Amino acid sequence: MIMLDISKVTRGTGPVTNNRVFAELKSITMRDILSKGQGNKNLKQDFFAVYSNWLNSCTIAPVKGLDQFPYLYFVNGVTQTYDIFFREYKGKRFRTAKGDYPYLKLSVDNWVYLEDDEIRENDAVALTYPFYENGGIPRNFNLLLDRCEELKVPVMIDAAYFGTCYDVDFDYSHRAIEMLGFSLSKCFAMSSFRIGIQFSKRKFNYLAELQTNSRYFNQVGAYVGLKLMQKFPADFIPSTYKTPHQEICKKMDLLPTNCIMLANIKPEDRRFDKLLEDKRFPQVTLPDGAYHRVGISKYISDKDSKVKKLLKQLLGK
């Protein structure tokens with residue numbers, strides 16, 4: 052087997068760029084944003100309605116359980132949902148899985164890996180689902196949620212990879228899940244716009260006050276996200292790149308995942324050892340059955356130079 056050059060493989064998770072998405076983004080004018088975005092008194096409600104329908108209409112990675120969350124909030128990406136979760140439960144010990152998104156470890160001092168101690172009453176759990184390792188279901192997920200429900204341990208779910216995953220179902224209906232955050236950053240390659248939605252079982256009065264009465268939310272991001280979701284269904288990106296993703300994984304002798312941005316590394320493969328070094332944290336031994344992951348978006352992204360030109364025009368990059 053002739054394998055591809057691995058120089059474009061990344062440790063992080065860059066999005067897959069699509070020219071049709073960027074063309075639509077380019078068509079949105081400042082006049083549109085001011086008149087139809089900031090000038091629309093129902094923008095937040097429209098955003099929530101379209102986003103919820105966009106999620107529920109997905110067929111390549113169906114979603115279940117959003118109706119369990121009565122309160123919706125605009126968030127500046129899922130990162131803000133983490134910050135809200137940390138604020139609400141600041142006296143607790145936070146828990147994360149080995150190999151999961153490192154934001155929790157960077158943000159709080161009192162944390163322990165799920166694999167290193169049992170769940171206790173003063174814990175608060177944050178997990179990615181779609182999972183950071185493979186776009187699938189976290190390890191021992193339902194057993195963990197059952198235990199959290201039993202001990203009344205709050206659970207926050209980071210669903211930032213939704214819109215890039217295929218051939219997997221996402222069930223958010225478990226009663227232990229208190230907060231759930233989605234973002235358009237990965238799906239539409241627009242992290243600089245900070246567009247996200249938070250589903251919550253609790254009402255946060257300060258968010259309601261700011262976003263409803265004062266309209267303190269990212270109205271530019273809300274309008275842009277609204278337009279893109281109306282144009283491109285949640286199936287669009289994963290359906291477009293599912294086959295290229297699988298082909299690239301095969302050519303690179305990597306294990307395909309449920310996420311078009313990611314591939315898993317075979318246990319005996321040492322090609323990426325240097326790339327995966329992260330000096331911010333001690334080296335972690337993953338549990339049995341878990342795999343290290345790498346980003347492969349650069350191999351399947353649209354190659355047209357219009358993308359780079361538009362990014363430079365919009366973001367100064």
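The numbering of the sequence shown is this note's numbering, which starts it at 52 and goes up by one. Each residue gets a CB set at the ideal place from its N, CA and C atoms; glycine is no exception. Because the structure is a prediction, the values reported are computed rather than measured.
Where does residue i fall in DSSP's three states?
i, result
"Y164", "strand"
"M303", "coil"
"M13", "Residue 13 falls outside the range modelled here, since the chain spans only 52 to 368, and no answer is possible."
"I248", "strand"
"K115", "strand"
"R144", "strand"
"I208", "strand"
"F239", "coil"
"R369", "Since the first and last residues shown for the chain are 52 and 368, residue 369 lies out of range."
"T61", "strand"
"D83", "helix"
"F221", "strand"
Which residue marks the beginning of the alpha helix (DSSP H) containing residue i, and which one marks its end?
i, result
"N104", "94–107"
"M312", "Looking at the DSSP string, M312 is not in any alpha helix (DSSP H), and its letter there is neither H nor E."
"R322", "Where R322 is concerned, there is no enclosing alpha helix (DSSP H), given that its DSSP letter is neither H nor E."
"G272", "270–282"
"L202", "192–202"
"I351", "348–351"
"I135", "129–139"
"F73", "70–78"
"L337", "L337 -> no alpha helix (DSSP H), and no H or E assigned at all."
"S158", "154–158"
"Y267", "No alpha helix (DSSP H) contains Y267, which DSSP labels as neither H nor E."
"N256", "256–259"
Using the beta-carbon count (16 or more within 10 Å), is residue i buried or exposed?
i, result
"S251", "buried"
"D151", "buried"
"L157", "exposed"
"N161", "exposed"
"N256", "exposed"
"R321", "exposed"
"R190", "buried"
"P205", "buried"
"F332", "exposed"
"S356", "With a pLDDT of only 43 at S356, under 50, the local geometry of the prediction cannot be trusted, and the value read off the model is given with reservation. With fewer than 16 other Cβ atoms within 10 Å, it is exposed."
"P375", "No information on residue 375 is available, as it lies outside the stretch 52 to 368 that the chain covers here."
"K237", "buried"
"L178", "buried"
"K293", "buried"
"P289", "buried"
Measure from the alpha carbon of residue i to the alpha carbon of each residue in the options, then state which is nearest.
i, options, result
"I351", "Y342, L326, Q297, P338", "Q297"
"Y274", "F120, F125, M230, I111", "F125"
"G247", "V72, P66, F98", "F98"
"V67", "T80, N185, A240, I228", "A240"
"P338", "W105, G88, E166, V206", "E166"
"G214", "Y180, M207, R190", "Y180"
"F283", "V72, K59, F323", "V72"
"V60", "G187, A341, I299, E169", "I299"
"K77", "L279, D286, M303, Q334", "L279"
"N184", "K354, D353, R344, K349", "Before going on, a small fix: residue 184 reads as Glu here, not Asn. Among K354, D353, R344, K349, the Cα nearest to that of E184 is on R344."
"F137", "Q281, E229, P318", "E229"
"Q89", "Y122, Q270, I208", "Q270"
"G340", "K354, S103, I316", "I316"
If I follow the unbroken beta strand (DSSP E) through residue i, where does it start and stop?
i, result
"D174", "174–179"
"Y122", "122–126"
Within 8 Å (strictly less), CB to CB, does residue i reach chain D?
i, result
"L337", "In summary, chain D is missing from the structure at hand, where a single protein chain is found."
Three-pair Cβ contact test at 8 Å for the region 304–315 versus the region 60–79: yes
Segment contact, 8 Å Cβ cut-off, at least three pairs: the region 258–268 with the region 69–85: no
Touch test, the region 197–208 against the region 322–337, Cβ-Cβ under 8 Å, three pairs minimum: no
Cβ contact (3+ pairs, closer than 8 Å) linking the region 104–121 and the region 135–146: no
The region 127–143 / the region 225–239 touching (three or more Cβ pairs under 8 Å): yes
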